[in-house]
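Protein chains in written order, with my numbering: chain A, 12 to 177; chain B, 12 to 177. Every residue gets a Cβ at the ideal spot worked out from N, C-alpha and C, and that includes glycine.
Protein chains: 2
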Amino acid sequence: MLTSTATAVQDPFSPDTLALLDRAAAFCTARTSRLTETRRLVLGLILQSSKPVGAYDILDHLRQYQRNAAPPTVYRAIDFLLSQGLIHRIERMSAFIGCAHRLECHHGHGCGHRAQFLICSGCGAVSEVEDSEITHAIADAARKIGFKPHQSTVEIEGLCAACQQG
Amino acid sequence: MLTSTATAVQDPFSPDTLALLDRAAAFCTARTSRLTETRRLVLGLILQSSKPVGAYDILDHLRQYQRNAAPPTVYRAIDFLLSQGLIHRIERMSAFIGCAHRLECHHGHGCGHRAQFLICSGCGAVSEVEDSEITHAIADAARKIGFKPHQSTVEIEGLCAACQQG
DNA sequence: TCTCAGTCGTTATAATATAACTAAAGGCGA
DNA sequence: TCGCCTTTAGTTATATTATAACGACTGAGA
Ligand SMILES: [Zn+2]
Ligand SMILES: [Zn+2]
Ligand SMILES: [Zn+2]
Ligand SMILES: [Zn+2]
């Protein structure tokens, strides 16, 4: 409807997040996919968080900006962002985290990003790593039994360096 | 109800499953944990299946034997079986599979079983492996960044040897 | 016998995710 | 510009997975 003075609430994101969103927009443009306003908001809300966020947490926040957002609104955005590799799903938490790699990657969109996640049970933080030893060990183990791997989930729960001090 | 001996439904399990259940019973006795009838039925239903089974699938089957089984009935049994290491949860499927290792293990109950799962997207079969390369690679990667791992999930999705033929 | 921990029955509800249908918006050739 | 088609989004309802809460029963040991 209205466009000139459109949003009641200002764009909620920090400068860091805004910079990442700009890169995400450029990334999508290059892939001819569309980072629409809803998708951008959802990505921003995910990137802004220091921890993985659940779909319904996203929904709660999104509603500050889009009053009639509903579960499908969020899940569609999540599906898009997953398909573009801009976020990851943490299976053990049914929650989502921004990809620490996608916006840094200079190898093109088919670069075969394999991530592993370290989940701190102390503080809830999740860090993403790309460890080639793990990647190779998995590929080898699969090959050994004639299994052709397509995609893998590696989630390591434990205590981060900071939380071991307490 | 004209059948001769009006018996309740017979124990539904195959000889193989029954043998495993016997070992599970002995295992629990040794640990002074109790494999009650409900827990035994749930374990049997899981072991019997060639694929991971969801909690509500278990519930549907369980109701043939315990008419008033409810979700907590199943989830309590699952929690027990997980705590004893008799089953595993496949995170990507929200489903459960019998442990291929626990009843074979002669190292005692604290033997530190680390499993990885290969999930075939063709036939739905899941196989459990214990690959020390993967286990070590994960431990090393965690140590590298000062993270103290406690437990890890490794789920590899792809095509099993059989499904690559089709 | 009493008590306590563990287990189970029961009802209700929370948390996560998708189906199905309609409408609007955007891209694109005629 | 127009019409056409594809993608995206709104909306309502529902499916799927999991847990809270409370009372009753059981069996082992003081
Ligand atoms: Zn990533
Ligand atoms: Zn921590
Ligand atoms: Zn196992
Ligand atoms: Zn297969």
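Next item on the list: Would you mind reading off the limits of the alpha helix (DSSP H) that contains C39 (chain A)?
Entry: Working through the first sequence from its first residue, we reach residue 39 (chain A) at position 28. Residues P26 to A41.
Note to self: Would you say L170 (chain A) lies against chain B (beta-carbon separation less than 7 angstroms)?
What the structure shows: Reading the first sequence from its first residue, position 159 is the one you call residue 170 (chain A). Interface residue, yes.
Check: Would you say G177 (chain A) touches ligand 2, meaning its beta carbon is less than 6 angstroms from a heavy atom?
Finding: Here residue 177 (chain A) refers to the residue found at position 166 when the first sequence is read from its first residue. No.
Next item on the list: Buried or exposed for L31 (chain B), please, with buried defined as at least 16 other CB atoms from any protein chain shown within 10 angstroms of its CB.
Entry: Your numbering for residue 31 (chain B) matches position 20 in the second sequence. By the Cβ neighbour-count rule, L31 (chain B) is buried, with 16 or more other Cβ atoms within 10 Å of its own.
Next item on the list: Work out the CA separation of R87 (chain B) and I57 (chain B) for me, nearest whole Å.
Entry: Residue mapping note: residue 57 (chain B) aligns to position 46 of the second sequence, counting from 1. Residue mapping note: residue 87 (chain B) aligns to position 76 of the second sequence, counting from 1. Rounded to the nearest angstrom, the two C-alpha atoms are 14 angstroms apart.
Note to self: Tell me whether E115 (chain B), by its Cβ, gets closer than 6 angstroms to a heavy atom of ligand 3.
What the structure shows: In the second sequence, residue 115 (chain B) corresponds to position 104, counting from 1. No, ligand 3 has no heavy atom inside 6 angstroms of this Cβ.
Note to self: For ligand 3, I want to know if E166 (chain B) counts as a neighbour, meaning its beta carbon is within less than 6 angstroms of at least one of the ligand's heavy atoms.
What the structure shows: Numbered from its first residue, the second sequence carries residue 166 (chain B) at position 155. Answer for E166 (chain B): no, Cβ out of range of ligand 3.
Notebook entry, point to check: Buried or exposed: where does H99 (chain A) fall if 16 or more other Cβ atoms within 10 Å of its Cβ makes it buried?
Noted result: Along the first sequence, read from residue 1 onward, the residue named residue 99 (chain A) stands at position 88. Under this definition H99 (chain A) is a buried residue.
Next item on the list: Using the DSSP secondary-structure output, state which residues sit across from H112 (chain A) in a beta bridge.
Entry: Taking the first sequence and counting its residues from 1, the one referred to as residue 112 (chain A) is at position 101. In DSSP, H112 (chain A) forms no bridge with anything.
Check: If we ignore side chains and look at the alpha-carbon of each, how far apart do Q175 (chain A) and K159 (chain B) end up?
Finding: The residue labelled residue 175 (chain A) in the question sits at position 164 within the first sequence. The residue labelled residue 159 (chain B) in the question sits at position 148 within the second sequence. Their Cα atoms are separated by approximately 8 angstroms.
Check: Is the CB of S61 (chain A) under 7 angstroms away from at least one CB in chain B?
Finding: Against the first sequence, residue 61 (chain A) aligns to sequence position 50. No, S61 (chain A) does not count as interfacial toward chain B.
Margin query: Below 9 angstroms on C-beta distance, what does R103 (chain A) contact in chain B?
Written below: Reading the first sequence from its first residue, position 92 is the one you call residue 103 (chain A). Taking a Cβ-Cβ cut-off of 9 angstroms, the neighbours of R103 (chain A) in chain B comprise E102 and T164, given in sequence order.
Margin query: Taking a contact to mean a Cβ-Cβ separation below 7 angstroms, would you say A35 (chain A) touches L46 (chain A) in this structure?
Written below: In the first sequence, counting from the first residue as 1, residue 35 (chain A) sits at position 24. In the first sequence, counting from the first residue as 1, residue 46 (chain A) sits at position 35. Contact: yes.
Item checked: Paired residues, beta bridge with E166 (chain A) - DSSP -> Along the first sequence, one-based indexing puts residue 166 (chain A) at 155. E166 (chain A) is bridged by DSSP to A:F128 and B:T164.
Item checked: Distance, L114 (chain B) Cα to S25 (chain B) Cα -> Counting from 1 along the second sequence, the entry for residue 25 (chain B) is found at position 14. Counting from 1 along the second sequence, the entry for residue 114 (chain B) is found at position 103. Roughly 17 angstroms separates the two Cα atoms.
Note to self: Does chain B have any CB closer than 7 angstroms to the CB of P160 (chain A)?
What the structure shows: Taking the first residue of the first sequence as position 1, residue 160 (chain A) is located at position 149. Interface with chain B (7 angstroms Cβ-Cβ cutoff): P160 (chain A) is included.
Check: When the cut-off is 7 angstroms and only beta carbons count, does L114 (chain B) lie next to chain A?
Finding: Your numbering for residue 114 (chain B) matches position 103 in the second sequence. It does not: the Cβ of L114 (chain B) has no partner Cβ on chain A nearer than 7 angstroms.
Margin query: What I want to know is whether the C-beta of G169 (chain B) ends up closer than 6 angstroms to one or more non-hydrogen atoms of ligand 4.
Written below: Reading the second sequence from its first residue, position 158 is the one you call residue 169 (chain B). Flag unset: Cβ of G169 (chain B) not near ligand 4.
Margin query: Using the three-state DSSP reduction, which class does A172 (chain A) fall into: helix, strand or coil?
Written below: In the first sequence, the residue the question calls residue 172 (chain A) occupies position 161. A172 (chain A): helix per DSSP, three-state reduction.
Checklist line | Residues sharing a beta bridge with K159 (chain A), DSSP | finding: One-based indexing of the first sequence puts residue 159 (chain A) at position 148. The partner list for K159 (chain A) (beta bridge, DSSP) reads B:L170.
Checklist line | Residue of B:S61, B:E48 and B:S44 minimising C-alpha distance to A80 (chain B) | finding: Mapped onto the second sequence, residue 80 (chain B) falls at position 69. Considering only alpha carbons, the answer is B:E48.
Check: How about G133 (chain B): is its C-beta nearer than 7 angstroms to some C-beta of chain A?
Finding: Locating residue 133 (chain B) in the second sequence gives position 122, counting from the first residue. It does not; no Cβ of chain A falls within 7 angstroms.
Checklist line | Three-state class that DSSP yields for S61 (chain B) in the structure shown | finding: Indexing the second sequence from 1 puts residue 61 (chain B) at position 50. Coil.
Notebook entry, point to check: Of all the residues that make up the region 135-148 of chain A, which are near chain B by a beta-carbon distance shorter than 8 angstroms?
Noted result: S138, V140, D142, E144, I145, H147 and A148
Margin query: Using 7 angstroms as the threshold, is the C-beta distance between E144 (chain A) and A111 (chain A) below it?
Written below: Against the first sequence, residue 144 (chain A) aligns to sequence position 133. Against the first sequence, residue 111 (chain A) aligns to sequence position 100. Contact flag unset, no.
Next item on the list: Spell out whether any CB of chain B is found under 7 angstroms from the CB atom of G96 (chain A).
Entry: Locating residue 96 (chain A) in the first sequence gives position 85, counting from the first residue. False, the Cβ-Cβ gap to chain B never drops below 7 angstroms.
Next item on the list: Could you tell me whether any Cβ in chain B is nearer than 7 angstroms to the Cβ of A177 (chain A)?
Entry: The count along the first sequence starts at 1 and reaches residue 177 (chain A) at position 166. Here residue 177 (chain A) is Gly; the residue named in the question, Ala, does not match the sequence. No, because no Cβ of chain B sits closer than 7 angstroms to the Cβ of G177 (chain A).
Notebook entry, point to check: Heavy atom of ligand 1 less than 6 angstroms from the Cβ of E139 (chain A), yes or no?
Noted result: For the purposes of this step, residue 139 (chain A) is taken as the residue at position 128 of the first sequence. Judged by the Cβ position, E139 (chain A) qualifies as a neighbour of ligand 1 at the 6 angstroms threshold, a heavy atom of the ligand being closer than this.
Check: D151 (chain A) and Q127 (chain A): beta carbons closer than 7 angstroms?
Finding: Start at 1 with the first residue of the first sequence, and residue 151 (chain A) comes out as number 140. Start at 1 with the first residue of the first sequence, and residue 127 (chain A) comes out as number 116. No, the Cβ-Cβ distance between D151 (chain A) and Q127 (chain A) is not below 7 angstroms.
Notebook entry, point to check: Would you call the CB atoms of I130 (chain A) and E166 (chain A) closer than 7 angstroms?
Noted result: Counted from its first residue, the first sequence places residue 130 (chain A) at position 119. Counted from its first residue, the first sequence places residue 166 (chain A) at position 155. If you check the CB distance, I130 (chain A) and E166 (chain A) come in under 7 angstroms.
Margin query: Can you tell me which residues fall inside 5 angstroms of ligand 3, judged by beta-carbon distance to its nearest heavy atom, and keep chain order?
Written below: B:C110, B:H112 and B:A126
Notebook entry, point to check: How far does the alpha helix (DSSP H) with R87 (chain B) in it reach, from first residue to last?
Noted result: One-based indexing of the second sequence puts residue 87 (chain B) at position 76. Unbroken alpha helix (DSSP H) run through R87 (chain B): P82 to S94.
Note to self: Would you say A153 (chain B) lies against chain A (beta-carbon separation less than 7 angstroms)?
What the structure shows: The sequence position of residue 153 (chain B) within the second sequence is 142, counting from 1. Chain A, which has a Cβ nearer than 7 angstroms to the Cβ of A153 (chain B), makes this yes.
Check: Nearest CA to the CA of V53 (chain B): which residue from B:H147, B:R42, B:Q162 and B:L97?
Finding: Here residue 53 (chain B) is taken as the residue at index 42 of the second sequence, counted from 1. Minimum Cα distance to V53 (chain B) is reached at B:L97.
Checklist line | Contact check, S132 (chain A) vs E102 (chain A), beta carbons under 7 angstroms | finding: The sequence position of residue 132 (chain A) within the first sequence is 121, counting from 1. The sequence position of residue 102 (chain A) within the first sequence is 91, counting from 1. No, these two residues do not count as a Cβ contact at 7 angstroms.
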